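Visitor: Supplied in structure tokens, the structure appears directly below.
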């Protein structure tokens, strides 16, 4: 991945950040830094020990392949991933069939991948599900949850849509918390800043979760706290609260009350494609440290 720093100039990424994120609770459960020459598949493989047997991994199209499905199936980790017809004969046939769902068998991983990831060369059985978005687009989802009665196909569209909260979390941590603005040039400084900002984002989420909500518990919430505003309100006092500074702790209640009133309306089925543009990646000397 290359990031644009100035017009006509490009800078190769030094590291990739990988995280396991829990939508709903809005918490990062596991986060690591990896060299830029690594692959997303390897990052996920190394992070599987941080998951639980009853977890369900929702993955995007960057983590597809027979090997990835075999890794998750043999690790007994349930998954739901988006796939396309490119390189998948079974997906292409399912897309053309018009069926709502179909059970298919994927080929065993290649011998080299089986040796690398210590896999058994066995076929993997998965379920393909057709999901039609409110705009009419068709997405094909692949899942290891084969029970069509316990896990109805109609529920997977909303499940995959939860991935959008993951995208929002990466944007928030990268830009609102200035993930790329590190306080030092050593690898240790990068690791410390990365961990501190992940912890800060989780603390923001936990504090916001304690704010009062106007909706009754029996109904779906119609709004959620504005995380960008909450970061600006909590960030100056967060360290003081952890150090038990009385002035910061006294101001925390007032800040949470304001955050509770500053909310974003939830619009089911909302689609807001952003135009492609260069993101603001400046040189380290021009980045604000936080």
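Numbering (the numbering used here), first residue to last: 8 to 297.
Glycine included, C-beta positions come from ideal geometry on N, C-alpha and C.
Remember, predicted model here, so these are calculated numbers, not experimental data.
Please determine, among 237, 95 and 65, the residue with the shortest C-alpha to C-alpha distance to residue 152.
Guide: Of the candidates 237, 95 and 65, the one whose C-alpha sits nearest the C-alpha of residue 152 is 65.
Visitor: DSSP three-state label for residue 110, please.
Guide: Strand, per DSSP.
Visitor: Thinking just about the alpha-carbon of each residue, which of 229, 262 and 197 is nearest to the one in residue 243?
Guide: Among 229, 262 and 197, the Cα nearest to that of residue 243 is on 262.
Visitor: Taking 7 Å as the limit between beta carbons, can you name the residues of its chain near residue 183, skipping five residues before and five after?
Guide: Excluding positions up to five away in sequence, the list reads 235 and 238.
Visitor: Give the secondary structure of residue 173 by DSSP, where H, G and I count as helix, E and B as strand, and everything else as coil.
Guide: Three-state result, residue 173: helix.
Visitor: Determine the burial state of residue 246: buried for a count of at least 16 other Cβ atoms within 10 Å of its Cβ, exposed for fewer.
Guide: Classification for residue 246: exposed.
Visitor: Between which residues of its own chain and residue 71 is the CB-CB distance below 7 Å, once the five residues before and five after are set aside?
Guide: Cβ within range, chain order: 88 and 90.
Visitor: Around the Cβ of residue 155, are there at least 16 other Cβ atoms within 10 angstroms (buried) or fewer (exposed)?
Guide: Label assigned to residue 155: exposed.
Visitor: Below 8 Å, how does it come out for the segment 140-147 and the segment 90-103: are there three or more Cβ pairs, yes or no?
Guide: Segments in contact, yes.
Visitor: Who does residue 136 pair with in a DSSP beta bridge?
Guide: DSSP, once it has assigned bridges, lists 108 and 148 as partnering residue 136.
Visitor: Go ahead and pull the three-state DSSP assignment for residue 242.
Guide: Residue state, collapsed to three classes: helix.
Visitor: Note down the Cα distance separating residue 191 from residue 22, rounded to an integer number of angstroms.
Guide: Rounded to whole angstroms, residue 191 to residue 22 spans 15 Å at the Cα level.
Visitor: Determine the DSSP secondary structure at residue 38, reduced to helix, strand or coil.
Guide: The answer is strand: DSSP assigns residue 38 an E or B state.
Visitor: Does DSSP classify residue 206 as helix, strand or coil?
Guide: Note: residue 206 maps to helix in three-state DSSP.
Visitor: According to the neighbour-count rule (16 or more other Cβ atoms, all chains shown, within 10 Å of its Cβ), is residue 134 buried or exposed?
Guide: That one is buried.
Visitor: Does DSSP put residue 131 in a helix, in a strand, or in coil?
Guide: Note: residue 131 maps to strand in three-state DSSP.
Visitor: For the beta strand (DSSP E) that contains residue 251, what are its first and last residues?
Guide: From DSSP, residue 251 is part of no beta strand (DSSP E); its letter is neither H nor E.
Visitor: Within the same chain, show all residues whose beta-carbon is closer than 6 Å to that of residue 115, passing over the 5 residues directly before and after it, in chain order.
Guide: Only 128, 129 and 130 meet the Cβ criterion.
Visitor: Which class does residue 15 belong to by DSSP, given the choice of helix, strand or coil?
Guide: Residue confidence for residue 15 is low, a pLDDT of 44 falling below 50, so the modelled location carries little weight and cannot support an answer.
Visitor: What number of angstroms, rounded off, separates the C-alpha of residue 214 from the C-alpha of residue 266?
Guide: C-alpha separation (whole angstroms): 10 Å.
Visitor: In whole angstroms, what separates the C-alpha of residue 45 from that of residue 53?
Guide: Distance between the alpha carbons of residue 45 and residue 53 is about 11 Å.
Visitor: Is the beta carbon of residue 79 less than 8 Å from the beta carbon of residue 198?
Guide: Contact flag unset, no.
Visitor: Can you have a look at residue 187 and say buried or exposed, based on whether 16 or more other CB atoms are within 10 angstroms of its CB?
Guide: So residue 187 ends up on the buried side.
Visitor: Could you tell me which residues DSSP puts in a beta bridge with residue 22?
Guide: In DSSP, residue 22 forms a bridge with 42.
Visitor: In angstroms, rounded to a whole number, what distance separates the CA positions of residue 16 and residue 256?
Guide: Residue confidence is low: residue 16 scores 46 on pLDDT, short of 50, so the model does not pin down where it sits. No coordinate-derived value is stated.
Visitor: What is the rounded straight-line gap between the Cα of residue 68 and the Cα of residue 258?
Guide: Each residue's Cα considered, the two are about 44 Å apart.
Visitor: Note down, in chain order, each residue of its chain lying with its Cβ closer than 7 Å to the Cβ of residue 110, except the 5 sequence neighbours on either side.
Guide: Excluding residues within five positions, the ones whose Cβ falls inside 7 Å are 132, 134 and 153.
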